[in-house]
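Worksheet: the structure to be examined is printed underneath.
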Amino acid sequence: MGLGFGLSLTTVLTLAPLVVKEPHLGVAMGALTQVRVLAGTISLAICSTILNNYLRPKMASVISPSQLRAISNSLAAIDDLTPAQRIAVRQAFGEGYNKQNIFLTAFSGVSVLASLLIWEKKPRRVGEQQQAANL
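Numbering-wise (UniProt numbering), the sequence shown opens with residue 1 and increments by one.
Printed below as a string of structure tokens:
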């Protein structure tokens, strides 16, 4: 989902009646919001994994395992490190954050390409579904 799905959710839910018949509208809206929550949870898990897998080997040469555990529990533990260690740890976090952004940017690019697959040559209009139902 990545690029602005949360921002576009209101529009998607507003336009859902164009695609889904009224008896199924509640299920469709519930499914859309569930997909949003699920995608956010999966993205969070992937980004946490990227960061943790990057930080552990990077910081192993800079700080002790007990200091690493303390930082994993609370970032306030960074204040207990020496100035040189603080700089190295903050740099490692910054590099890990950049790795997360690279993944999210790539995923957003794939999402944009996938969204092109739902393009309709003749877009649906608001009144068409209601007219078809009345016939």
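Cβ atoms here follow ideal geometry from the backbone N, Cα and C, with glycine treated the same way.
Check, Outcome
"For Leu-44, name the three-state secondary structure that DSSP assigns.", "helix"
"Compute the Euclidean distance between the alpha carbons of Lys-21 and Leu-32, then round it to the nearest angstrom.", "15 Å"
"Could you give the distance in angstroms between the alpha-carbon of Ala-114 and the alpha-carbon of Val-62?", "42 Å"
"With 16 other CB atoms within 10 Å as the buried threshold, where does Gly-109 fall?", "exposed"
"Give a yes or no on whether the C-beta atoms belonging to Val-37 and Ala-28 are separated by under 9 Å.", "no"
"Please determine if the region 44-60 and the region 89-103 are in contact, where contact requires at least 3 C-beta pairs separated by less than 8 Å.", "yes"
"Roughly how far, in whole angstroms, is the beta-carbon of Pro-17 from the beta-carbon of Leu-25, given that I think they are within contact range, below 8 Å?", "6 Å"
"CB-CB under 8 Å to Lys-58, same chain, minus the five flanking residues each way: which ones, in chain order?", "Ala-92, Glu-95 and Gly-96"
"Along the chain, where does the alpha helix (DSSP H) that runs through Ala-16 open and close?", "No alpha helix (DSSP H) contains Ala-16, which DSSP labels as neither H nor E."
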